[in-house]
Amino acid sequence: MRLTEWTMEEQEQLIHFMTTNSWPFHGHEHPVRALIEKTIEEGGYKSDQVTTFWIENEDKKQVGLVQIFDLQDDIPLFDLRIADPYRNKGYGPKALKMVADYVFSLPEKKIRLEGNTRHDNFAMRKAFERTGFVKEAHLRQAWFSPRENRYYDAVIYGMTREDWQAGITTPVLWDDAVLETKAPPFNPVLLDFPEEFESERLLIRAPKREDAKANYEAVMHSLESFRPWLQFAQQKPELAKIEATLIEAEANFKLRKDLRLHFFLKETGQFIGSTGLHRIDWEVRKFEIGYWVDSRFEGKGFVSEAVDRITRFAFEELGANRVEIRCDPDNVRSRAVANRLNFELEGVLRNDSISRVDNKLRDTCVYAKIREE
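In this note's numbering, the protein residues as written are 102 to 474.
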């Protein structure tokens with residue numbers, strides 16, 4: 102990602118961006134052309150006090166816009182907007198980090214950087230917190246919504262130059278009479294992270310109910326190869342049951358109880374397999390990767406590519422301390438994935454499971470990667 106400075110020659114692009122997206126947590130949810138033109142004319146996007154940047158992703162698509170205000174002051178403010186199609190994909194925190202890097206790298210050595218939002222804009226609040234901004238104020242009944250004709254609370258977040266330079270977050274001591282404060286208990290439901298991401302050849306995303314038919318067809322083609330290893334493959338699948346399972350998987354994903362993921366060919370959009378992060382321990386930040394691939398796509402490296410990308414996702418986005426792969430010693434393909442991706446074989450659990458073929462006791466190989474300090 103990168104910030105690209107907006108120029109006056111791009112007025113039509115800016116007007117199109119502002120008027121074709123919705124902004125429910127800004128003063129005007131659906132700004133009209135005349136308003137944007139007036140703001141441009143008055144220097145609201147480019148002047149001695151204001152600089153505006155496009156937020157571009159790796160494909161050079163304009164996924165968002167950020168205005169930085171009060172650039173002649175020691176404490177600039179900013180307004181960040183991510184376009185409708187690109188929300189909930191992790192662009193917000195990355196954009197905030199780039200804004201902080203830009204402001205604190207200015208030769209004037211700015212003291213701090215501020216931003217504010219409506220108190221119920223949880224996505225933006227999470228973006229602030231993930232980037233190292235600190236909540237510094239909660240203003241009651243301070244944010245007016247013209248569409249709803251009512252007031253909301255507002256929250257203000259800030260980052261100091263000292264924190265930015267040191268790469269730390271210094272919390273505000275709200276009650277200075279209290280010498281020791283306890284952090285609120287961690288609630289994984291509030292954890293914000295992208296629900297889809299890509300590798301070189303694959304699109305990997307959270308499950309959807311509409312995936313049922315493609316999932317059913319993949320399992321039907323692969324039953325014989327699945328049966329020795331997978332419980333669900335012991336009987337022929339039923340489309341209705343798969344659909345019900347996917348509804349449950351969607352809910353579990355939202356609740357952060359289990360993070361099932363489907364992967365598709367980027368080139369064609371074809372469903373080719375299922376994977377995900379299971380048996381989650383949020384306190385330890387420990388996850389187990391499971392996976393299967395449509396037998397028609399075996400031997401092409403898709404599973405290794407998906408598992409490698411999901412492992413990076415676990416460490417980079419979820420703060421994982423440990424990622425495991427568990428498999429039967431005779432499951433040669435699964436063990437090859439773990440070995441290929443440099444997972445370490447930590448041990449073999451003897452008589453740990455029941456064979457799906459002959460109901461005899463089987464061992465389990467435990468492979469793992471841990472966070473590198």
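Just so it is clear, CB atoms sit at the ideal spot from N, CA and C, and this is done for glycine as well.
Given a threshold of 16 other Cβ atoms within 10 Å of its Cβ, counted over all protein chains shown, does Asn443 qualify as buried or as exposed?
On the sequence shown, position 342 is the one that residue 443 refers to. Exposed is the call here.
On the three-pair Cβ rule with 8 Å, is the region 289-300 touching the region 179-191?
yes
Margin query: Does Lys342 come out as helix, strand or coil in the three-state DSSP assignment?
Written below: Locating residue 342 in the sequence shown gives position 241, where the first residue counts as 1. Note: Lys342 maps to helix in three-state DSSP.
Query - Proximity to Phe126 [Cα-Cα], best of Arg182, Gln173, Arg103 and Lys162 - result: Taking the first residue of the sequence shown as position 1, residue 126 is located at position 25. Cα-wise, what sits closest to Phe126 is Arg182.
Inset, instruction - Quick one: which unbroken alpha helix (DSSP H) runs of 4-plus residues sit fully inside the region 229-290? Chain order, please. - result: 262-267
**Asked** Cα-Cα, which of Leu197, Lys210 and His129 is closest to Glu249?
**Response** By one-based count along the sequence shown, residue 249 stands at place 148. Nearest option by C-alpha distance: His129.
Proximity of Trp265 and Ala201 at Cβ, strictly below 7 Å: One-based indexing of the sequence shown puts residue 265 at position 164. One-based indexing of the sequence shown puts residue 201 at position 100. Yes, the pair counts as a contact, with Cβ atoms nearer than the cut-off.
Can you grab the Cα-Cα spacing for the pair Glu263 / Arg213, in whole Å?
Taking the first residue of the sequence shown as 1, we reach residue 263 at position 162. Taking the first residue of the sequence shown as 1, we reach residue 213 at position 112. Between Glu263 and Arg213, the C-alpha separation is close to 9 Å.
Rounded to a whole number of angstroms, what is the C-alpha to C-alpha distance between Phe421 and Lys461?
The residue given as residue 421 occupies position 320 in the sequence shown. The residue given as residue 461 occupies position 360 in the sequence shown. The question names Phe, but residue 421 in the sequence shown is Ala. For Ala421 and Lys461, the distance between alpha carbons rounds to 34 Å.
Exercise for review: Output yes or no for whether 7 Å exceeds the beta carbon distance between Thr376 and Leu362.
Suggested key: On the sequence shown, position 275 is the one that residue 376 refers to. On the sequence shown, position 261 is the one that residue 362 refers to. Yes. Within cutoff.
query = In the DSSP assignment, what are the bridge partners of Arg423?
reply = Walking along the sequence shown from the start, residue 423 turns up at place 322. Paired residues: Lys387 and Ile471.
Q: Compare the C-alpha of Lys211 against each of Gly145, Ala238 and Asp175 and name the closest.
A: The residue given as residue 211 occupies position 110 in the sequence shown. Measuring from the Cα of Lys211, the nearest candidate turns out to be Asp175.
Q. Smallest Cα separation from Glu113: which of Tyr258, Gln335, Ile141 and Thr105?
A. Locating residue 113 in the sequence shown gives position 12, counting from the first residue. Glu113 has its Cα closest to that of Ile141, out of Tyr258, Gln335, Ile141 and Thr105.
Mapping the DSSP letters down to three states, classify Asn452 as helix, strand or coil.
For this step, residue 452 is matched to residue 351 along the sequence shown. Reduced to three states, the DSSP call for Asn452 is strand.
- Going straight from the alpha carbon of Tyr146 to that of Gly402, what length do you get? Looking up residue 146 in the sequence shown gives position 45. Looking up residue 402 in the sequence shown gives position 301. Roughly 48 Å separates the two Cα atoms.
Just curious, the beta strand (DSSP E) that Ser375 is in, first and last residue? One-based indexing of the sequence shown puts residue 375 at position 274. That run of the beta strand (DSSP E) goes Phe372 to Asp382.
Would you kindly work out how many angstroms separate the C-alpha atoms of Asn122 and Arg134, rounded to a whole number? The residue given as residue 122 occupies position 21 in the sequence shown. The residue given as residue 134 occupies position 33 in the sequence shown. Each residue's Cα considered, the two are about 12 Å apart.
Restricting to Cα atoms, I'd like to know which of Val394, Asp149, Arg463 and Arg441 is closest to Val449. In the sequence shown, the residue the question calls residue 449 occupies position 348. With distances taken between Cα atoms, Val449 lies closest to Arg463.
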